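So the first sequence is numbered by my numbering: it starts at -8 and just counts up by one. Cβ atoms here follow ideal geometry from the backbone N, Cα and C, with glycine treated the same way. Bear in mind the structure is a predicted one, so any value in this text is a computation, not a measurement. As structure tokens, the structure follows; a few thoughts come after it.
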Amino acid sequence: MIDLKILREQPERLRAAIEAKGFDCDLDAVLAADRARRESLREVEDLRARQKAANAEMAALLKGSDAFKAKVTEMKNLSAGLKEKEAALRETEATWQRLALSVPNIPHESVPVASDPSGNQVVSTWGEEYKACPYSRPHYEIPWLEEMIDFARGVKVTGAGFPFYRGDGARLVRALVQFFLREAGRHGYEEVYPPLLVNEGSATATGQLPDKEGQMYETVADSLYLIPTAEVPVTNFFRDEILPEASLPRKVSAFTPCFRREAGSYGKDVRGLNRLHQFDKVELVKWVHPSQSYAELESLREEAENLVRQLKLPYRVLLMCTGDLGFTQTKKYDIEVWAAGQQRWLEVSSCSNFEAFQARRARTRFRDADGHVEPLHTLNGSGLAVPRILAALLENNLREDGAVNVPEVLRPWFERETIGSPAAVT
RNA sequence: GGAGAGGUGGCAGAGUGGCCGAUUGCGGCGGUCUUGAAAACCGCUAAGCCGAAAGGCUUCGAGGGUUCGAAUCCCUCCCUCUCCGCCA
């Protein structure tokens, strides 16, 4: 939800934001709905005030008296009028709410304005992009891959995009998750294991609803949604709560599977592990004081980068342009690792600031020392998403003999130095 | 899943048609007293919306309804607790 003050006082700022993000949103309709709602509200409140005043009078009157009866007759009329106005108000409120939820968040001034990904800025790179060599290949062409990641059986059991991880593959997933969570703990994040299904209110607060229903799996009988990211349940942890200012920043990490329908992206990057309907991710979420959110975005990005560096994967950081910003975000960094086999970059983390956009929808606020209550700022970032990391590890660490080196930092959980040695191939 | 009991302010807990945004207690904040503290006493102690302000309105799980008037009566839904059944 955008700040209503900005909507009313600086609509041009919003118009520019909508334009820069490339969203379709009729701001004039929103403004008209806002005016209609306020007018309608005034009418209703005026009548209710008169009704309440009459109530007090009637309470003092003798029940059966003529004066009382006269009042009842008078108030019957008023009540009928009020009922009509209330019905009208319900309608204007519903329209207003639907429209207000359609206004996207405003990009931060430091975000480059551009309509397509060519406007994204590479802000840093780490490690070297390996050139393709005679034995390098995309992970989905490694001969023994199906031993570790069984796509065919996943298709049989569920459908495309739901692989089985087996043996070393399953263990590698677990090792990565353990590593990510341990690092998050070291950075002061409280580990949380959230529900994997959320209700409509939660999905609305974080911005998945309305409009993006198509991206989430929905349960038929209970109107619950499978989470597309832990961001949804975790950000809603403090929904409808007021936090003491002294408790900020709050930092939570969460490992969960994520479920995405990816409607409309069939045929795009769908090979192997590049794009799945179910994948594992550790998500980092922060609730911070508004004055700190951009500093917190930088530290979040740094924490995510640190994970990739420890895995010794070459990566680059992109500052996303306005056209690549989501509906809810004001500023976003993507971290992409280099996958030597495919000779391309794979996005493994997305670190975003939402300012008060989600907090307003979720009614998560903080109270300062003077007792003032205001929405806080929320941020989140992947730390990290598993399958593409796995893909990059397989491709970058593939040796001439066909085995893959396992990064040093995963040893506490993986316990071996290589996987997929030629001997394992059958 | 079946039967029953409930959902009221930070917490506990009154309130069964009007003067109830709501008695009271606890907790929290401020003050008096005290060398300091405790105790005692006094005061304050919800959020949202509308409004330039004065002020007004909303909210007693959610949504409808009855009524001149609903925390209170009716309906639907959600949730919690107890018992039974089932079950990882």
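Drop a sphere of 10 angstroms on the beta-carbon of Asp213, count the other beta-carbons inside from all chains shown, and report buried for 16 or more, exposed for fewer. Classification for Asp213: exposed.
Count Cβ pairs between the segment 261 to 276 and the segment 143 to 155 that sit closer than 8 Å; are there 3 or more? Segments in contact, yes.
Ends of the alpha helix (DSSP H) at Ser31? Per DSSP, the unbroken alpha helix (DSSP H) holding Ser31 starts and ends at 18 to 51.
When you compare only the Cα positions, how much space is there between Leu384 and Arg307? Approximately 16 Å, taken between the alpha carbons.
Comparing C-alpha positions only, which one of Leu401, Ala382, Val339 sits nearest to Ala376? With distances taken between Cα atoms, Ala376 lies closest to Val339.
Could you tell me which of Thr369, Gly176, Gln199, Leu367 sits nearest to Asn190, measuring between CA atoms? When each option's Cα is compared against that of Asn190, the closest is Gln199.
Ends of the beta strand (DSSP E) at Pro366? 364 to 366 is the span of the beta strand (DSSP E), which, as asked, contains Pro366.
Exposed or buried, what is Glu181 when buried is set at 16 or more other beta-carbons lying within 10 Å of its beta-carbon? Classification for Glu181: exposed.
Short of 6 Å in beta carbon distance, which residues of its chain neighbour Arg352, apart from the five on each side in sequence? Order them along the chain. Closer than 6 Å at Cβ, skipping near neighbours: Met(-8), Ala196.
C-alpha gap between Ala51 and Val35, whole angstroms: Going from the Cα of Ala51 to the Cα of Val35 covers about 25 Å.
With the cut-off set at 8 Å, would you say Gly362 and Ala295 are in Cβ contact? Between Gly362 and Ala295, the C-beta gap is not smaller than 8 Å, which leaves the two residues out of contact.
Glu274 bridges to which residues according to DSSP? DSSP, once it has assigned bridges, lists Ala245, Ser373 as partnering Glu274.
By the three-class DSSP mapping on this structure, what secondary structure does Trp135 have? DSSP places Trp135 in coil when its eight states are reduced to three.
Start and end residues, alpha helix (DSSP H) containing Phe171: For Phe171, the enclosing alpha helix (DSSP H) stretches over residues 159 to 177.
Just mark Glu222 as buried or exposed, buried being the case when its beta carbon has 16 or more other beta carbons within 10 Å. Glu222 is buried by the Cβ-count criterion.
Can you tell me whether Leu389 is helix, strand or coil according to DSSP? For Leu389, the secondary structure class from DSSP, reduced to helix, strand or coil, is strand.
In whole angstroms, what separates the C-alpha of Asn68 from that of Thr83? In this structure, the CA atom of Asn68 is about 23 Å from the CA atom of Thr83.
What does DSSP give as the partner residue(s) for Asp325 in the beta ladder? Asp325 is bridged by DSSP to Leu309, Ser341.
Taking 8 Å as the cut-off, decide whether the C-beta atoms of Phe357 and Leu172 are in contact. In this structure, Phe357 sits away from Leu172, with a CB-CB distance that is not shorter than 8 Å.
So does the segment 391 to 401 actually touch the segment 310 to 318, counting three or more Cβ pairs closer than 8 Å? Touching, no.
Where does Val416 fall in DSSP's three states? Interpretation of Val416 is limited by its pLDDT of 43, a score under 50 that renders its predicted location unreliable; the figure taken from the coordinates is listed afterwards. In the three-state reduction of the DSSP assignment, Val416 falls in the coil class.
Hey, Pro503 and Glu327 are a contact pair by Cβ (cut 8 Å); roughly how many whole angstroms apart? Outside the modelled stretch of the chain, which goes from -8 to 417, sits residue 503, for which no answer is possible.
Ordered along the chain, which non-local residues of its own chain (more than five positions away) have a Cβ less than 6 Å from that of Ile97? Result list for Ile97: Ala8, in chain order.
Please name the residue, chosen from Glu48, Met49, Gly118, that lies closest to Lys303 on a Cα-to-Cα basis. Cα-wise, what sits closest to Lys303 is Gly118.
State the beta-bridge partners of Tyr216 as determined by DSSP. Val189, Glu209, per the DSSP bridge assignment.
Compare the Cα-Cα distances from Leu309 to each of Val168, Pro103, Thr210 and report the closest residue. Residue Pro103 holds the alpha-carbon nearest to the alpha-carbon of Leu309 among Val168, Pro103, Thr210.
Give a yes or no on contact between the segment 282 to 295 and the segment 364 to 373, applying the rule of three or more CB pairs nearer than 8 Å. Under the three-pair Cβ rule at 8 Å, the segment 282 to 295 counts as touching the segment 364 to 373.
Okay, do the segment 10 to 27 and the segment 41 to 49 touch, 3+ Cβ pairs below 8 Å being the bar? Proximity of the segment 10 to 27 to the segment 41 to 49 falls short of the contact definition, fewer than three beta-carbon pairs being nearer than 8 Å.
Contact check, Leu215 vs Asn265, beta carbons under 8 Å: With respect to Asn265, Leu215 sits apart: the two C-beta atoms are not nearer than 8 Å.
8 Å Cβ cutoff met for Leu188 and Thr210: Result yes, Cβ atoms of Leu188 and Thr210 sit closer than 8 Å.
Spatial neighbours of Lys277 in its chain, beta-carbon cut-off 6 Å, leaving aside the 5 residues before and after: If we look at Lys277 and ignore the five residues flanking it on each side, its Cβ neighbours are Pro240, Lys242, Glu287, Leu370.
For Glu399, name the three-state secondary structure that DSSP assigns. Here Glu399 sits in helix by DSSP.
DSSP has Asp141 in a bridge; who is on the other side? Answer by DSSP bridge pairing, in chain order: Phe155.
Per DSSP, what kind of secondary structure is Thr409 in: helix, strand or coil? DSSP places Thr409 within a strand segment (E or B) once states are collapsed to three.
Does the beta-carbon distance from Pro108 to Cys16 come in below 8 Å? Between Pro108 and Cys16, the gap from beta carbon to beta carbon reaches 8 Å or more.
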